[in-house]
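Asks:
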Amino acid sequence: MTTRVWDYLAEYQAERLDLLDAVETVFNSGQLVLGASVRGFEEEFAAYHGVGHCVSVDNGTNAIKLGLQALGVGPGDEVITVSNTAAPTVLAIDGTGATPVFVDIREDDFLMDTSQVAAAITERTKCLLPVHLYGQCVDLAPLRELATKHGLSLLEDCAQAHGARQNGVVAGSTGDAAAFSFYPTKVLGAYGDGGATITSDDAVEKKLRRLRYYGMDTTYYTLETPAHNSRLDEVQAEILRRKLKRLDAYTAGRRAVAQRYVDGLGDTDLLLPKTVPGNEHVYYVYVVRHPRRDDIIERLKAYDIHLNISYPWPVHTMTGFAHLNYATGSLPVTEKLAGEIFSLPMYPALSTDLQDKVIHAVREVLSTL
Numbered sequence: 218m219t220t221r222v223w224d225y226l227a228e229y230q231a232e233r234l235d236l237l238d239a240v241e242t243v244f245n246s247g248q249l250v251l252g253a254s255v256r257g258f259e260e261e262f263a264a265y266h267g268v269g270h271c272v273s274v275d276n277g278t279n280a281i282k283l284g285l286q287a288l289g290v291g292p293g294d295e296v297i298t299v300s301n302t303a304a305p306t307v308l309a310i311d312g313t314g315a316t317p318v319f320v321d322i323r324e325d326d327f328l329m330d331t332s333q334v335a336a337a338i339t340e341r342t343k344c345l346l347p348v349h350l351y352g353q354c355v356d357l358a359p360l361r362e363l364a365t366k367h368g369l370s371l372l373e374d375c376a377q378a379h380g381a382r383q384n385g386v387v388a389g390s391t392g393d394a395a396a397f398s399f400y401p402t403k404v405l406g407a408y409g410d411g412g413a414t415i416t417s418d419d420a421v422e423k424k425l426r427r428l429r430y431y432g433m434d435t436t437y438y439t440l441e442t443p444a445h446n447s448r449l450d451e452v453q454a455e456i457l458r459r460k461l462k463r464l465d466a467y468t469a470g471r472r473a474v475a476q477r478y479v480d481g482l483g484d485t486d487l488l489l490p491k492t493v494p495g496n497e498h499v500y501y502v503y504v505v506r507h508p509r510r511d512d513i514i515e516r517l518k519a520y521d522i523h524l525n526i527s528y529p530w531p532v533h534t535m536t537g538f539a540h541l542n543y544a545t546g547s548l549p550v551t552e553k554l555a556g557e558i559f560s561l562p563m564y565p566a567l568s569t570d571l572q573d574k575v576i577h578a579v580r581e582v583l584s585t586l
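In this note's numbering, the protein residues as written are 218 to 586.
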């Protein structure tokens with residue numbers, strides 16, 4: 218049996234009747250776009266995070282892009298973020314016409330090194346964009362302080378941190394706004410693409426709703442600012458409503474899987490994820506480190522185990538961002554980790570038997586290095 222880092226089929230079988238009922242609910246509603254399911258999901262997702270508003274969109278990239286635009290980011294501005302992230306984080310910045318500015322990450326937890334942010338701020342800096350990576354939060358207190366001091370916006374990229382908490386505060390509720398992806402692999406995943414931006418700022422919410430609907434206000438012919446169609450589909454919204462009720466259960470399942478890895482691999486030379494004190498990790502992916510990463514991944518294929526790397530190519534090294542002029546060695550920790558990190562299978566429905574197979578195979582491979 219082929220083993221991969223993510224699979225949804227077992228979860229689907231367990232939730233099949235509820236998910237099919239969600240589809241039936243939408244098809245029988247008489248409204249297929251921006252109807253009761255979208256409104257209901259937005260209200261419930263905002264309530265989960267204790268914020269005033271949620272504006273759902275078609276994908277996580279647009280959740281970031283529209284969030285930046287609603288916060289006033291545009292051409293000529295700079296946005297400080299990290300290079301060890303999924304490319305969409307940076308593509309969203311680029312899509313506003315702003316320039317991404319990178320700081321390095323911390324070696325022990327892979328998160329933004331917030332001690333480097335102050336030095337990266339210039340007169341063009343408009344927004345700080347921390348990425349809550351792999352399932353836990355960046356240290357937000359110093360970023361909030363810097364944002365206040367310099368008059369900057371703070372937008373949290375929560376695509377990988379649904380339900381994560383820092384000192385009891387849920388990810389996404391500290392910044393001026395926060396962006397989420399509901400790509401199927403996410404902790405809260407749809408059965409297709411989807412995203413959302415949350416905020417407690419009434420003016421930001423109004424801009425977001427306009428931006429996701431062609432730039433129009435309340436009707437088709439009241440175009441205020443040219444934009445694009447970025448609406449979340451009713452079917453995905455209704456599925457997300459059902460799954461949101463199970464979010465904490467999904468998180469508990471992921472933590473149980475993570476603990477089994479600690480129990481089974483904690484005595485090896487594989488470096489397992491470190492949870493920052495005060496953080497409640499949700500383990501979107503289970504990222505480990507080893508200097509012989511490539512050998513390990515290749516040898517595990519003999520056991521029919523196929524693993525991923527998140528991420529093998531830091532964004533600043535990609536050809537498409539060569540114009541930013543980041544030389545090799547400019548982000549040394551990010552570049553070093555890109556050659557060592559890889560992901561073990563992680564999802565709530567991962568069976569104990571399948572995980573035991575992975576643990577056994579990894580132990581055998583490590584013993585042969």
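For each residue, glycine too, the CB sits at the ideal point set by N, CA and C.
If distances are taken between C-alpha atoms only, which option among 532, 522, 578 and 471 comes closest to residue 219?
Replies: Looking at the Cα atoms, 522 is the closest of the given residues.
Asks: Could you compute how far the alpha carbon of residue 330 sits from the alpha carbon of residue 453?
Replies: Roughly 35 Å separates the two Cα atoms.
Asks: In the DSSP output, which residue or residues are listed as bridge partners for residue 344?
Replies: For residue 344, which the question treats as bridged, DSSP gives the partners 296 and 370.
Asks: Does the beta-carbon of residue 403 have 16 or more other beta-carbons within 10 angstroms, so that it is buried, or is it exposed?
Replies: Burial call: buried.
Asks: Could you check what DSSP says for residue 361 in three-state terms: helix, strand or coil?
Replies: Of the three classes helix, strand and coil, the one that applies to residue 361 here is helix, per DSSP.
Asks: Which of the three DSSP states, helix, strand or coil, is assigned to residue 390?
Replies: Reduced to three states, the DSSP call for residue 390 is coil.
Asks: What residue range does the alpha helix (DSSP H) around residue 310 cover?
Replies: Run containing residue 310: 304-312, per the alpha helix (DSSP H) assignment.
Asks: Decide if residue 546 is buried, meaning its Cβ has at least 16 other Cβ atoms within 10 Å, or exposed.
Replies: With fewer than 16 Cβ atoms within 10 Å of its Cβ, residue 546 is classed as exposed.
Asks: Considering residue 322, what are the terminal residues of the beta strand (DSSP E) in which it resides?
Replies: Taken as a continuous stretch (DSSP letters only), residue 322 belongs to no beta strand (DSSP E), as it is neither H nor E.
Asks: What does DSSP give as the partner residues of residue 497 in its beta bridges?
Replies: In DSSP, residue 497 forms a bridge with 382.
Asks: By the DSSP assignment, the alpha helix (DSSP H) with residue 470 in it spans what residues?
Replies: 464-482 is the span of the alpha helix (DSSP H), which, as asked, contains residue 470.
Asks: Quick one: which unbroken beta strand (DSSP E) runs of 3-plus residues sit fully inside the segment 406-440? Chain order, please.
Replies: For the segment 406-440, whole beta strand (DSSP E) runs of length 3 or above, ordered along the chain, are 412-416.
Asks: Could you pull the DSSP bridge partners for residue 271 from this structure?
Replies: DSSP, once it has assigned bridges, lists 415 as partnering residue 271.
Asks: Please list, in chain order, all residues of the same chain as residue 257 whose beta carbon is under 6 Å from its beta carbon, the five residues on each side excluded.
Replies: Closer than 6 Å at the Cβ level, and outside the excluded window around residue 257, lie 458.
Asks: Hey, is the segment 572-585 in contact with the segment 460-479, meaning 3+ C-beta pairs nearer than 8 Å?
Replies: Yes, the segment 572-585 is in contact with the segment 460-479.
Asks: For the segment 501-519 and the segment 339-357, state whether three or more C-beta atom pairs, one from each stretch, are separated by less than 8 Å.
Replies: Output reads yes: the segment 339-357 touches the segment 501-519.
Asks: Contact criterion: CB-CB distance below 9 Å. Does residue 274 meet it with respect to chain C?
Replies: Structure shown: chain C not included; a single protein chain is present.
Asks: Would you be able to state if there are at least three C-beta pairs under 8 Å between the segment 237-246 and the segment 383-401?
Replies: Touching, no.
Asks: Less than 9 Å between the C-beta atoms of residue 285 and residue 310, yes or no?
Replies: Yes, the Cβ-Cβ distance between residue 285 and residue 310 is below 9 Å.
Asks: DSSP has residue 397 in a bridge; who is on the other side?
Replies: For residue 397, which the question treats as bridged, DSSP gives the partners 413.
Asks: Out of curiosity, what's the CA-to-CA distance linking residue 544 and residue 315?
Replies: The alpha-carbon atoms of residue 544 and residue 315 are separated by roughly 20 Å.
Asks: Would you list the residues sitting across from residue 559 in a DSSP beta bridge?
Replies: Residue 559 is bridged to 505.
Asks: Could you check the C-alpha separation between residue 582 and residue 377 for me, to the nearest Å?
Replies: Rounded to whole angstroms, residue 582 to residue 377 spans 29 Å at the Cα level.
Asks: Relative to the alpha-carbon of residue 557, which residue among 413, 510 and 338 has its alpha-carbon at the smallest distance?
Replies: Ranking 413, 510 and 338 by Cα distance to residue 557 puts 510 first.
Asks: Are residue 327 and residue 533 closer than 9 Å when you measure CB to CB?
Replies: Going by C-beta atoms, residue 327 is not nearer than 9 Å to residue 533.
Asks: Assign residue 430 to buried or exposed, taking buried as 16 or more other Cβ atoms, counted over all protein chains shown, within 10 Å of its Cβ.
Replies: With 16 or more other Cβ atoms within 10 Å, it is buried.
Asks: Go to residue 574, then tell me how far its alpha helix (DSSP H) extends in each direction, as first and last residue.
Replies: First-last of the alpha helix (DSSP H) with residue 574: 569-585.
Asks: When you compare each of 579, 551 and 456 to residue 238 by their alpha carbons, which one comes out closest?
Replies: Residue 456 is the option with its Cα nearest to residue 238.
Asks: To the nearest angstrom, how far is the alpha carbon of residue 235 from that of residue 359?
Replies: Cα to Cα, residue 235 sits roughly 43 Å from residue 359.
Asks: Out of 529, 525, 487 and 494, which has the shortest C-alpha to C-alpha gap to residue 584?
Replies: The candidate whose alpha carbon is nearest that of residue 584 is 487.
Asks: Here's a check: name, in chain order, each residue in its chain whose Cβ is nearer than 6 Å to the Cβ of residue 567, leaving out the five neighbours to either side.
Replies: So the qualifying residues of the chain are 474.
Asks: Short of 7 Å in beta carbon distance, which residues of its chain neighbour residue 492, apart from the five on each side in sequence? Order them along the chain.
Replies: Excluding residues within five positions, the ones whose Cβ falls inside 7 Å are 353 and 498.
Asks: Please classify residue 512: is it buried, with 16 or more other beta-carbons within 10 angstroms of its beta-carbon, or exposed?
Replies: By the neighbour-count rule (16 or more Cβ atoms within 10 Å), residue 512 is not buried but exposed.
Asks: With a Cβ-Cβ cutoff of 9 Å, do residue 272 and residue 422 count as a contact?
Replies: Cβ distance < 9 Å, so residue 272 and residue 422 count as in contact.
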